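Asker:
Number of protein chains: 2
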Amino acid sequence: MSDKLDANENIINETNPFENHIRLTSKYELNNAVQPLLTDLYQISMAYAYWKNQKNDNAVFDLFFRKNPFQGEYTVFAGLEDCLKYIQNFKFSTSDIDYLRTAMPQYVEDEFFVYLENMNLNDIQIYALREGSLVFPRIPIMRIEGPLPIVQLLETTLLVLVNYASLVTTNASRFRLAAGEFKNLLEFGLRRAQGPDGGLGASKYCYIGGFDGTSNVLAGKLYSIPIRGTHAHSFVSSYNDLSDLHDRTLKSVVSDEMFDLANLSMDYLTQLEKFEFNFSLNEANRGELAAFIGYAIAFPSDFLALVDTYNVLKSGVPNFCAVALALHKVGYRAKGIRLDSGDLAYLSNKVRDFFKKVAKVFQLDFFESLTIVASNDINEDILHSLNMQGHSIDSFGIGTHLVTCQKQPALGCVFKLVEVNGRPCVKLSEDVQKATFPGKKNAYRLYDKEGIPLVDLLTRSDEDEPKVGEAFLCRHPFIETKRAYLSPSKVENLLVPVWINGKLVQENMDSIDGIRERVRKQLNRLRNDHKRMLNPTPYKITVSRTLYDFIHNLWLDYTPIGELK
Amino acid sequence: MSDKLDANENIINETNPFENHIRLTSKYELNNAVQPLLTDLYQISMAYAYWKNQKNDNAVFDLFFRKNPFQGEYTVFAGLEDCLKYIQNFKFSTSDIDYLRTAMPQYVEDEFFVYLENMNLNDIQIYALREGSLVFPRIPIMRIEGPLPIVQLLETTLLVLVNYASLVTTNASRFRLAAGEFKNLLEFGLRRAQGPDGGLGASKYCYIGGFDGTSNVLAGKLYSIPIRGTHAHSFVSSYNDLSDLHDRTLKSVVSDEMFDLANLSMDYLTQLEKFEFNFSLNEANRGELAAFIGYAIAFPSDFLALVDTYNVLKSGVPNFCAVALALHKVGYRAKGIRLDSGDLAYLSNKVRDFFKKVAKVFQLDFFESLTIVASNDINEDILHSLNMQGHSIDSFGIGTHLVTCQKQPALGCVFKLVEVNGRPCVKLSEDVQKATFPGKKNAYRLYDKEGIPLVDLLTRSDEDEPKVGEAFLCRHPFIETKRAYLSPSKVENLLVPVWINGKLVQENMDSIDGIRERVRKQLNRLRNDHKRMLNPTPYKITVSRTLYDFIHNLWLDYTPIGELK
């Protein structure tokens, strides 16, 4: 993979005049929707109010969420590369400025638009978790520092780039946990995604979250992800009978002999009927047989047939086996079948029995282990249910529920101001759980001697960091009686620099496969009780003694003594 | 609006050499992700198998869904313009072909790629519902006819363009029904959307579905949709006290007199405290007051303040009223406030009482009807609940649940082959409800004399169409005993030509505002029992006697006589 990336980088170097370029995972540029105007109007209104009041303070914002998605207890952070592409290309175009002049009130001063047009991100500093890291509620995923009006302008775009990427990566990782390490997982969701880009993002981030490939060809082209697919029901129903085959011959793998695949397949179908496979020649649809033969002639080394257009056990599977036996005669091995309806546990077991019987009758061992793909509205719960029932599926094609994150279609990342010119900023609101942790902070992950994460720890940015082998008091952020001394065997500083003084920090960027591997490793190391399906144990988020006192004193200072409502 | 569109068209004409161009709603081109490779790999695999077998049959496909979303009984069709832009620009690029050569098996014949590279859509005929029409299960939304391999290649992209557009438009229309005709509805969902394009699409289609505007600036630029917004909590918390104001003055509307808005506001705050508005000067946060003054100086004619950063009734509203009174002194009228947390019914009523008291005490009637905007995780159910409780909200800012369609994040449109070379195609599958209606069909909507839709009717394409004033036997498609003679006062042929022989049918294209108006009118005409929230009555889909017999005979022909399982 690293070779491939390097190749792409070279291509970019040739066409990209910027000295400082990101490790793009692709040589093809997308998405042109990601630009400074992809934001909420109020960001620009606020920029004007700040500008008008000459309020160019140094501000620190935290990007974080308050609750893990899917009733789970972990989240995978993804979208960093997309954020940094946006940061790198941040520039209001002339047509943007023209549009804003018409869209904002007429009394907005003209110099403001000059200010916008000249805006750049050279004074912005961004620290972030490495992409693909596990992240937990209230830990800053990104910490962004710089002139208040400018950092404020980044909010919406960063949120839209992080929210869905992290949500769908997390979702994919949960499907992977449910399916187990050895099943093949394919993302088939493009047609049901929330728009073209939702589909593209899903394909990329499901791969990062642990899927093996996608049906989405453009995602394959853009991100070098494996693409997979066979044929649809329409392919089968477009054939009426064997006379629809214009060319029925296939050349032997080992000699120049030409075989009539249609005749061979009909012979095997007749044999299968005689061996009591519980179907009759009459029941096996001849259009379906013709379609399978046509497909096998086109893809002799990759024959995988959709078998539920008419009837799986009476038609689809007998027809598939007839063609697979014929292919074998010519020197090719069929791949397997796909089920797209019905009771997947029951049918997959019945199909496996059928395959085993064919293996025995025809003395062809490979038939026993032909691939069975299933793809009918599968979600995480169905994967768990299939595991409990027992099934014979090797590979899952998963679409709608995966890409739209049906269980929870949005992640609630927010972007909160925590410090202005060194002064902590507080937001309380009417809902206590919406209160923010003020002040510029550092974030650490403390590990035990087996390399298992113990807790995450937030400190004030000017505190000493926790040290390996030294006891550090970690406090629950809300409950004063919950606290413990921890002596970590390893301390990880979670927030690493990614954009400093207008330059990308290359060494903290990763390839798509590097990110995918980080997800896999970190999930492996996370304790099982944090990952289980039902009522998982929350992973502990703690604060230092200093930060605890700082936060609670500020909250008290800012709260009017009122009613107990 | 039509003027604006014409202006845009002229701009396109200058740069677009195609004689036949679509009524683009924007002069800015998006989305570059929509291209022939935005498809599932199996479409290209099938194209190869068809090509290899010289199977260039004339095929008819129906695009339809089986179930209305959101437990409702109607769907709004949207996305047609996006589909036709894709159709118009359909062309495999050289880099697409290069990629496919590497991604497909090596034995795929080279001439196939030449075939793909030369492919065009001149032989494709597309009939569709007018965009913004109501549509019901199993009615073909689009009927596409042409060479089998080519039409098959369009499937995934058309589905992704129709599915989310129709889903989110339908969702927005349901929010509109819940909020009532006279509330102001604003879409604020960008940051939680499923990717940048999900956000853009949501903004466009929520407007079409009945929203009044969006916060999404790029959507405003691209689609000429009204954009709206004020400021965030961070704006408030970035101010510490009145000393953060660099310029406190505002010029009078009527004279050259300069006013110190900070002093004026403090004066009014002191007066408010004295008039027993149940807060103390001490409780009203001075940083919040400074922020409001700063914002009012920047936007004196558009002052709308977010009042829940610290405490709505003790700080936010008193501070807002102080600044609004000061603005009035200088000659400006404030707009109102926004609530983003807490019990919205309770708080909005309390705020309204506050405003009414100010109106009375200061003899300023307009204060009574200042705008109250609410925007905290609002969904359709919450709108209904607020209506039942009673509230004083004028305007709703709605994000997450609207744009991600939390109640059901995907619409299940499918694309099914129904006819090849005049022969009907059947797909049965293991699930009966997945069976398709074979054959090329026409679709009609029959109206009563008040212009209310009675039923939708499917016929075979070669049947006579139902006529005004003549009784026509309409049958339930599945239940043989359900049938009725209907004598319509109006008959609408639902499927109109939109792409014929490589040309767009301009007269069946609509402006974005035309589509929006169609949604509004058609929903108004639909009977209330089809629209109600709880257990709505299904709108009747019927088939002609001829089509009924045709379908049922085919289903029987294709079903093996098996077990009753």
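Chains as they are written, first to last, in full-length UniProt numbering: chain A, 1 to 565; chain B, 1 to 565.
Positions of the beta carbon are idealized from the N, C-alpha and C atoms, including for glycine.
Owing to the predicted nature of the structure, the values given are computational and were not obtained by experimental measurement.
1. Give a yes or no on whether 9 Å exceeds the smallest Cβ distance from Thr546 (chain A) to chain B.
2. Kindly indicate the opening and closing residues of the beta strand (DSSP E) around residue 617 (chain A).
3. Going by alpha carbons, who is nearest to Lys183 (chain A) out of A:Leu161, A:Asp394, A:Leu80?
4. Quick one: which chain A residues come within Cβ less than 9 Å of Asn216 (chain B)?
5. Whose CA, out of B:Gly397, B:Glu368, B:Cys83, B:Thr371, lies closest to the CA of Ile382 (chain B)?
6. Who does Ala443 (chain B) pair with in a DSSP beta bridge?
7. Taking Cβ positions, are Leu245 (chain B) and Val217 (chain A) nearer each other than 9 Å?
8. Could you give the DSSP three-state label for Asn120 (chain B): helix, strand or coil?
9. Going along chain B, which residues have a C-beta under 7 Å from Tyr558 (chain A)?
10. Label Tyr558 (chain A) either buried or exposed according to how many other C-beta atoms from any shown protein chain fall within 10 Å of its C-beta, with 16 as the threshold for buried.
11. Do you know whose CA, among B:Phe292, B:Leu473, B:His233, B:Val420, lies nearest Leu304 (chain B)'s CA?
12. My output table needs one value for His476 (chain B): the three-state DSSP class, helix, strand or coil.
13. Decide if the stretch 74 to 84 of chain B is in contact with the stretch 126 to 142 of chain B; the criterion is three or more beta carbon pairs, one per stretch, under 8 Å apart.
14. With a threshold of 9 Å between beta carbons, is Gln152 (chain A) in contact with chain B?
15. Could you tell me which chain B residues have their CB closer than 7 Å to the CB of Lys427 (chain A), listed as they occur along the chain?
16. Would Gly198 (chain A) pass as a contact of Tyr164 (chain B) if the rule is Cβ separation under 9 Å?
17. Report yes if the CB atom of Leu325 (chain A) is closer than 9 Å to the CB atom of Ser265 (chain A), and no otherwise.
18. Mind checking whether Tyr86 (chain A) and Gln152 (chain A) have CB atoms under 9 Å apart?
19. Can you tell me whether Met142 (chain B) is buried or exposed? The criterion is at least 16 other CB atoms within 10 Å of its CB, across all chains shown.
20. Look at Lys427 (chain B) and Ser234 (chain A) and say whether their C-beta atoms are less than 9 Å apart.
21. On the premise that Pro137 (chain A) lies in contact with Ile541 (chain A), defined as a C-beta separation below 8 Å, what is that separation, rounded to the nearest angstrom?
22. Closer than 9 Å, CB to CB, is Leu473 (chain A) near chain B or not?
23. Can you name, in chain order, every residue of its own chain whose Cβ lies under 8 Å from the Cβ of Trp555 (chain B), other than the five neighbours on each side?
24. Cα separation between Phe415 (chain A) and Leu242 (chain B)?
25. Could you run through the stretch 176 to 193 of chain B and flag, in chain order, every residue whose CB is less than 9 Å away from some CB of chain A?
26. Leaving aside the five residues before and after Val491 (chain B) along the sequence, list all residues of the same chain whose C-beta is less than 8 Å from its C-beta, in chain order.
27. Which of the residues in the stretch 48 to 60 of chain A, read from start to end, lie with their CB under 9 Å from any CB of chain B?
28. Could you name the residues of the same chain whose beta carbon sits closer than 6 Å to that of Ala334 (chain A), not counting the 5 residues immediately before and after it, in chain order?
29. Helix, strand or coil for Asn493 (chain B) per DSSP?
30. Please confirm whether Gly229 (chain B) has its beta-carbon closer than 9 Å to some beta-carbon of chain A.
31. Would you mind sorting Leu534 (chain A) into buried or exposed? The rule is 16 or more other CB atoms within 10 Å of its CB.
32. Taking the alpha-carbon positions, what's the Leu185 (chain B) to Leu417 (chain B) distance?
33. Taking the continuous beta strand (DSSP E) assigned at Leu185 (chain A), which residues delimit it?
34. Going by beta carbon distance, what residues of the same chain come within less than 7 Å of Asp260 (chain B), once the five residues before and after it are set aside?
35. For residue 568 (chain A), name the three-state secondary structure that DSSP assigns.
36. Who are Gly397 (chain B)'s beta bridge partners in DSSP?
Answerer: This is what the structure holds:
1. One-based indexing of the first sequence puts residue 546 (chain A) at position 546. No - not a single Cβ of chain B is within 9 Å of the one on Thr546 (chain A).
2. Residue numbering for chain A in the displayed model covers 1 to 565; residue 617 (chain A) lies beyond these limits and cannot be assessed.
3. Start at 1 with the first residue of the first sequence, and residue 183 (chain A) comes out as number 183. Of the listed residues, the one whose Cα sits closest to Lys183 (chain A) is A:Asp394.
4. Translated into the one-based positions of the second sequence, residue 216 (chain B) becomes position 216. Residues of chain A passing the Cβ test: Leu37, Leu38, Thr39, Asp40, Leu41, Thr156.
5. Taking the second sequence and counting its residues from 1, one reaches residue 382 (chain B) at position 382. Comparing Cα-Cα distances from Ile382 (chain B) to each of B:Gly397, B:Glu368, B:Cys83, B:Thr371, the minimum goes to B:Gly397.
6. Counting from 1 along the second sequence, the entry for residue 443 (chain B) is found at position 443. B:Leu458.
7. Within the second sequence, the letter at position 245 stands for residue 245 (chain B). Within the first sequence, the letter at position 217 stands for residue 217 (chain A). No. Outside cutoff.
8. Taking the first residue of the second sequence as 1, we reach residue 120 (chain B) at position 120. If DSSP states are grouped into helix, strand and coil, Asn120 (chain B) belongs with coil.
9. Here residue 558 (chain A) refers to the residue found at position 558 of the first sequence. Near Tyr558 (chain A) (Cβ distances below 7 Å), the residues of chain B are Tyr310.
10. Within the first sequence, numbered from 1, the residue matching residue 558 (chain A) stands at position 558. So Tyr558 (chain A) counts as buried.
11. Along the second sequence, one-based indexing puts residue 304 (chain B) at 304. That would be B:Phe292, whose Cα lies nearest to the Cα of Leu304 (chain B).
12. The residue labelled residue 476 (chain B) in the question sits at position 476 within the second sequence. In this structure, His476 (chain B) counts as coil in the three-state DSSP scheme.
13. Because the criterion of three Cβ pairs below 8 Å is met, the stretch 74 to 84 of chain B and the stretch 126 to 142 of chain B touch.
14. Indexing the first sequence from 1 puts residue 152 (chain A) at position 152. Yes, Gln152 (chain A) counts as interfacial toward chain B.
15. Numbered from its first residue, the first sequence carries residue 427 (chain A) at position 427. The answer, in chain order, is His233, Ser237, Thr309.
16. For the purposes of this step, residue 198 (chain A) is identified with residue 198 of the first sequence, where counting begins at 1. For the purposes of this step, residue 164 (chain B) is identified with residue 164 of the second sequence, where counting begins at 1. Yes; because the gap between Cβ atoms is below 9 Å, this pair is in contact.
17. The count along the first sequence starts at 1 and reaches residue 325 (chain A) at position 325. The count along the first sequence starts at 1 and reaches residue 265 (chain A) at position 265. Yes, the Cβ-Cβ distance between Leu325 (chain A) and Ser265 (chain A) is below 9 Å.
18. If you number the first sequence from 1, residue 86 (chain A) lands on position 86. If you number the first sequence from 1, residue 152 (chain A) lands on position 152. Not closer than 9 Å, so no.
19. To locate residue 142 (chain B), count along the second sequence from 1; it is residue 142. Its Cβ being crowded by 16 or more others within 10 Å, Met142 (chain B) is buried.
20. Against the second sequence, residue 427 (chain B) aligns to sequence position 427. Against the first sequence, residue 234 (chain A) aligns to sequence position 234. Yes; because the gap between Cβ atoms is below 9 Å, this pair is in contact.
21. Position 541 of the first sequence, counting from 1, holds the residue named residue 541 (chain A). Position 137 of the first sequence, counting from 1, holds the residue named residue 137 (chain A). Yes, they are in contact, since the Cβ atoms of Ile541 (chain A) and Pro137 (chain A) sit about 6 Å apart, within 8 Å.
22. For the purposes of this step, residue 473 (chain A) is taken as residue 473 along the first sequence, with counting starting at 1. No, Leu473 (chain A) lies away from the interface with chain B (no Cβ there is under 9 Å from its Cβ).
23. The residue labelled residue 555 (chain B) in the question sits at position 555 within the second sequence. Here the set comprises Val426, Leu428, Ala435.
24. In the first sequence, the residue the question calls residue 415 (chain A) occupies position 415. In the second sequence, the residue the question calls residue 242 (chain B) occupies position 242. Whole-angstrom Cα-Cα distance: 25 Å.
25. Phe188, Gly189, Leu190, Arg191, Arg192, Ala193
26. One-based indexing of the second sequence puts residue 491 (chain B) at position 491. For Val491 (chain B), where only same-chain residues beyond five positions count, the Cβ hits under 8 Å are Tyr444, Arg445, Leu446, Tyr447, Glu465, Pro466, Lys467, Val468.
27. Tyr48, Ala49, Tyr50, Trp51, Lys52, Asn53, Gln54, Lys55, Asp57, Ala59
28. Here residue 334 (chain A) corresponds to residue number 334 of the first sequence, with the count starting at 1. Within its own chain, the residues whose Cβ lies closer than 6 Å to the Cβ of Ala334 (chain A), once the five positions on either side in sequence are excluded, are Phe303, Ala324, Leu327, listed in chain order.
29. To locate residue 493 (chain B), count along the second sequence from 1; it is residue 493. DSSP places Asn493 (chain B) in strand when its eight states are reduced to three.
30. Counting from one through the second sequence, the residue named residue 229 (chain B) turns up at place 229. Closer than 9 Å: yes.
31. Residue mapping note: residue 534 (chain A) aligns to position 534 of the first sequence, counting from 1. The residue in question, Leu534 (chain A), is exposed, as its Cβ has fewer than 16 Cβ neighbours within 10 Å.
32. In the second sequence, residue 185 (chain B) corresponds to position 185, counting from 1. In the second sequence, residue 417 (chain B) corresponds to position 417, counting from 1. If you take the alpha carbons of Leu185 (chain B) and Leu417 (chain B), they lie about 40 Å apart.
33. The sequence position of residue 185 (chain A) within the first sequence is 185, counting from 1. According to the DSSP assignment, Leu185 (chain A) belongs to the beta strand (DSSP E) that extends over 184 to 187.
34. Along the second sequence, read from residue 1 onward, the residue named residue 260 (chain B) stands at position 260. So the list reads Arg248, Thr249, once near-sequence residues are dropped.
35. Residue 568 (chain A) lies beyond the residue range present for chain A, which begins at 1 and ends at 565; the question has no answer from this structure.
36. Start at 1 with the first residue of the second sequence, and residue 397 (chain B) comes out as number 397. In DSSP, Gly397 (chain B) forms a bridge with B:Leu186.
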